[in-house]
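Take a look at the structure set out below.
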Amino acid sequence: MNPMKVLCVENHSQYMGSLKYRLEAAGYEIMEATTGEQALNLLKQQSVDGVLLEYDLPDATATAVRAEMKRTKPEVPVLLFAGIGSQTPFLLRFFDAYLRNSKTGNGL
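So for the sequence shown, numbering that gives the first Met the number 0 puts the first residue at 0; every next one is plus one.
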């Protein structure tokens, strides 16, 4: 059986490395993107089973990137990957799920 392929969108290389290591150790195949534009291009070109999308992107808002992803491939789940903040309940309306991003190394 082929591993599930996840597109990880994270613009901080140190966090991407940790995230990739943990997901690969759990059996996932990882594709990396550091910008919204790069993520959208990969999603259009590749088959993926899910997207883990960082909230803070250098070139676009996470909600705008998610909207374009859903227009392109509505069947692919897009999970918000962000720290806990006051906007979290609002943002959950736009994403399939939310994963807490613990940049301290204690979480995913």
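Even glycine gets a Cβ: it sits at the ideal position worked out from N, Cα and C.
Bear in mind the structure is a predicted one, so any value in this text is a computation, not a measurement.
Nearest to residue i by CA position, among the options, is which residue?
i     : options                    : result
MET0  : ASN10, GLY26, LYS19, GLU9  : GLY26
HIS11 : GLU67, GLU28, LEU52, SER46 : LEU52
LYS72 : ARG21, LEU39, TYR20        : LEU39
ALA61 : SER46, LYS43, GLN44, THR33 : THR33
PRO2  : SER46, ASP58, GLU67        : SER46
VAL75 : PRO57, GLU36, LEU41        : LEU41
LEU58 : GLU36, GLN13, TYR20        : Here residue 58 is Asp; the residue named in the question, Leu, does not match the sequence. That would be GLU36, whose Cα lies nearest to the Cα of ASP58.
Could you tell me whether the Cβ atoms of residue i and residue j are closer together than 8 Å?
i     : j     : result
PHE94 : ARG65 : yes
MET15 : GLU9  : yes
VAL5  : ASP48 : yes
VAL50 : LEU78 : yes
CYS7  : GLU31 : yes
Which of helix, strand or coil does DSSP assign to residue i?
i     : result
ALA66 : helix
LYS72 : coil
GLU28 : strand
Open item on the list: Please give me, in chain order, every unbroken run of the beta strand (DSSP E) with length at least 3 that falls completely inside the region 31-60.
Closed with: 49-53
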